[in-house]
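What follows is a single structure, written as C-alpha cells, with notes after it.
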Amino acid sequence: MPHSQPTIQQHPALSIAPDEFARRRRQLMKMAGPDAVVLIATAPERMRNADAAWPYRQDSDFHYLSGFPEPDAVLALLPGRQHGETVLFCRERDPERERWHGESIGTERAVADYGMDDAFPIDDIDDILPGMIEGRGRVYCHFGREPQFDAQLLGWMRRLRQLRGGGVVPKEFVALGHLLHDLRLYKSRAELKLMRASAAIAAEAHLAAMALARAGRHEYEVEAELLRVMRTRGAVAAFPPIVAGGVNACTMHYQANRASLKNGDMLLIDAGAELECYASDISRSFPINGRFSREQRALYEVVLTAQLAAIDEVQPGRSYNTPHDVAVHVITEGLCALGLLKSAPAEAIAEGSYKRFFPAKTSHWLGLDVHDVGDYRVDGEPRLLEPGMVLTVEPGIYIAPDDMSVPEAWRGIGIRIEDDVAVMRDGNEVLTAAVPRDPDAIEALLAGRR
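The sequence shown begins at 1 in the UniProt record's numbering and counts up one residue at a time.
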C-alpha cells in the first residue's frame with residue numbers, strides 16, 4: 001500500500017478532541033445522577049521481569065473519559081460540584097524524576113490541555129477526595145479490578161466516617177461498567193476515523209507480510225514484518241500477532257511463532273494495529289507457495305462465502321447473532337457438500353457436529369479493546385445492531401491434523417478470514433477491505449512477489 005496511509009503524526013486531526021472527552025464525561029454524569037460520584041483509576045505500571053517494565057498502556061475506560069496518558073492518576077466525576085465537576089489527581093512535575101523518565105504533564109497542564117475543571121497532586125488524594133465524596137449517595141467504580149485501588153477506596157470511606165461530626169458515607173457501590181460500556185459501544189465520527197486509520201495500517205502490515213512469507217522463512221520473520229510496518233506508521237500491535245503455518249493454524253490462539261514455513265502449507269495471519277488506543281483486527285489465510293491446492297481452495301471458498309454472507313447481515317436493526325447463524329449455515333452446508341460431515345446440514349447444525357470444524361463464534365465488538373466492551377444481550381435477547389457499533393466477522397474452518405474421520409489431504413488445514421465491519425445508517429462499511437480475500441486475487445498478489 002502507498003506510504004501516505006493516515007497516521008497521527010501525519011494527521012493530528014485524527015486525535016480525539018478535548019471537547020469530545022468532555023462530552024463523554026457529561027453524558028456519563030447525567031446517566032449516573034446528581035447524587036453520585038464516579039471514580040476511575042489509571043492502569044498500573046506492570047513489570048515484565050525484575051526491574052524491566054512492560055510498555056505502558058492506559059486503561060481503556062480511563063482513556064475514553066480523559067485522553068490522559070500517564071499512570072498513577074485518578075479521575076473523579078462529581079455532578080453538580082460548585083468548584084468543578086471533573087477533578088483529576090495526577091503526578092506533580094518533578095525535575096529529578098523527569099531527568100530519568102521524561103517530562104510529566106502535571107496538574108496545570110491537566111487543566112489547560114486536558115479540559116479538567118480542577119487537578120491536584122496524586123499524593124494529596126487521601127486528604128482531599130474523601131471530603132468531595134461526602135454527602136453523595138452512590139459511588140460508581142470498577143470495584144474488584146485492581147486490589148490496590150480497592151484498598152484505597154475502602155480507606156477513603158473509613159476516613160469519611162472519621163470526619164468531625166461523622167461524614168455521610170455513600171450507601172451504594174455500583175459497577176461502573178454497565179453505564180460506561182454502553183457509551184463505548186457506539187463509536188463517534190472521530191472514533192470511526194481513528195479506526196479506519198488503524199485498519200489501514202493493519203492492512204498495509206498484512207500486505208507486507210504476505211509479500212515476505214515464503215517457504216524456508218520462519219513465522220517470527222513474518223511477525224517482525226508486521227510489527228515493522230505498524231511501528232513505522234506510528235502504531236503498535238493491538239495484540240501479539242498470530243502467525244501460524246500449516247497445522248499450527250488449527251490452534252485457535254497459536255502464539256509460538258517459531259516454526260519454519262513449508263511449501264504446500266497455508267499460512268494464517270491474525271494481526272491488528274492499535275493507533276491512539278483504537279484497535280483493528282484482520283485475519284487472512286493464504287498458500288505459502290502462492291497456489292491453493294484443490295482441498296485448500298475448496299475449504300477457503302466455503303469460509304469466504306460464509307464471511308461474505310455474514311457481512312451482508314451486519315445491518316441496523318438485525319440481531320447481533322444473525323451473522324453467526326448465517327455463517328454456521330453456509331459452513332455446515334459446505335462441509336456436508338465436501339463429504340467432511342456425513343449428516344444432512346440441518347441435522348449437523350441441530351446436533352452441533354459442525355463445531356468439530358468451526359468451534360468459535362463469528363464476531364466480537366471492536367474499539368478501544370480488541371474484544372471490546374458492551375453487552376451482547378439486552379433483557380435476555382440478542383442485541384440489535386445500531387449505527388456506530390463496530391464488530392469483527394471471522395468465520396473459519398479448522399481440521400485437526402489427527403482427525404482420522406476425514407481423508408488425509410484435508411487434515412491440518414486451518415482457515416480464518418476476518419474483517420472489521422462498522423454498522424452504518426444505510427448498511428455497513430468494511431474497514432479492512434484493502435487486504436484481498438478473493439482466492440484469485442490472492443494468487444495474483446502472491447505471484448507478484450519478488
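Here a beta-carbon is modelled for each residue, glycine too, at the ideal position from N, C-alpha and C. Computed from a predicted model, the values in this text were never measured in an experiment.
Would DSSP call residue i helix, strand or coil?
i, result
"V87", "strand"
"S66", "helix"
"E381", "strand"
"N49", "strand"
"T398", "Per the sequence shown, the amino acid found at residue 398 is Tyr instead of Thr. In the structure shown, Y398 sits in a strand (DSSP, three-state: E or B)."
"V386", "A small fix is needed here, since residue 386 is Glu in this sequence, not Val. E386 falls in the coil class under three-state DSSP."
"W100", "helix"
"G272", "coil"
"L261", "coil"
"G80", "coil"
"Y278", "strand"
"I442", "helix"
"E418", "strand"
"P55", "coil"
"M252", "coil"
"E108", "helix"
"V373", "coil"
"residue 452", "Residue 452 lies beyond the range of the chain shown here (1 to 450); nothing can be said about it."
"A22", "helix"
"I311", "helix"
"M31", "helix"
"S60", "helix"
"P436", "coil"
Near residue i, what residues of its chain come up, given a Cβ to Cβ distance below 6 Å and the 5 sequence neighbours on each side ignored?
i, result
"D46", "Note on identity: in this sequence residue 46 is Arg, with Asp being the wrong assignment. For R46, where only same-chain residues beyond five positions count, the Cβ hits under 6 Å are W54."
"R217", "L261"
"S38", "According to the sequence as given, residue 38 is Val; it is not Ser. Cβ neighbours of V38 beyond the five flanking positions: A32, L77, Y140."
Residue i bridges to which residues according to DSSP?
i, result
"P287", "M266"
"W365", "L391"
"V37", "V139"
"M424", "G427"
"G245", "L267"
"A447", "Partner(s): none; A447 has no beta bridge."
"V74", "A41, F89"
"A237", "A273"
Give me, in chain order, the residues of the same chain whose beta-carbon lies closer than 8 Å to that of residue i; leave out the 5 immediate sequence neighbours on both sides.
i, result
"A237", "L226, L227, M230, A271, G272, A273, E274"
"I349", "V328, H329, T332"
"K187", "M195, G367, G388, M389, V390, A422"
"R262", "Contrary to the premise, residue 262 reads as Lys rather than Arg in this sequence. For K262, where only same-chain residues beyond five positions count, the Cβ hits under 8 Å are A215, G245, G246, I288."
"D150", "F143, G144"
"L207", "M1, A434, V435, L445"
"Y220", "V243, N257, R258"
From the options, pick the residue whose C-alpha is nearest to that of residue i; which is it?
i, options, result
"V314", "G339, A337, Y278, W365", "W365"
"D325", "A344, T362, P345", "T362"
"G155", "L179, I128, G380", "I128"
"R416", "L176, R437, A110", "R437"
"A32", "L88, F173, A151", "F173"
"V435", "V302, A199, Y354", "A199"
"D281", "L299, V302, Q58, D372", "D372"
"V378", "R356, S319, A202", "S319"
"E276", "K193, P382, R48, G135", "K193"
"C141", "A444, A346, L75, I311", "L75"
"A447", "Y254, A211, F357", "A211"
"G414", "R450, A360, M424, V370", "A360"
"D123", "H101, P147, Q152, L185", "Q152"
"P395", "G67, R411, K342, Y300", "Y300"
"K30", "L180, R291, D51, E92", "L180"
"E191", "N428, D312, E20, V302", "E20"
"R136", "Y254, E146, K171", "K171"
"R291", "D265, I397, L335", "D265"
"L176", "A36, L308, G352", "A36"
"P439", "A50, V302, A22, G427", "V302"
"G412", "M424, R425, Y398", "Y398"
Using C-beta distances below 7 Å, list every residue in its chain close to residue i, excluding the 5 sequence neighbours before and after it, in chain order.
i, result
"G71", "One detail in the question is off: residue 71 reads as Pro in this sequence, not Gly. So the list reads T42, A43, P44, E45, Y56, once near-sequence residues are dropped."
"H11", "Because the pLDDT at H11 is just 42, under 50, the model does not fix this residue reliably, and the value given afterwards should be weighed accordingly. Taken in chain order, the list of residues that qualify is empty."
"G339", "none"
"I442", "F286, P436"
"D117", "G84, E85, T86, V87"
"I8", "Bear in mind that the predicted position of I8 carries a pLDDT of just 39, short of 50, making it unreliable; the figure below should be weighed with that in mind. Closer than 7 Å at the Cβ level, and outside the excluded window around I8, lie L14, S15, G234, L275, E276."
"A409", "E295"
"L183", "R24, Q27, L28"
"Y278", "E191, L194, M195, S198, G367, L368"
"N248", "Y254, A259"
Do we get a CB-CB distance below 8 Å when we pair residue i with the residues of chain C?
i, result
"D150", "Protein chain content of the structure displayed is limited to a single chain, and chain C is not contained in it."
Sequence ranges, alpha helix (DSSP H) only - wholly within the region 114 to 182, length at least 4: 125 to 133, 147 to 161
Within the region 317 to 360, ranges of the alpha helix (DSSP H) (whole runs, at least 4 residues): 322 to 337, 345 to 351
Contiguous alpha helix (DSSP H) assignments of at least 4 residues, all confined to the region 180 to 225: 189 to 212
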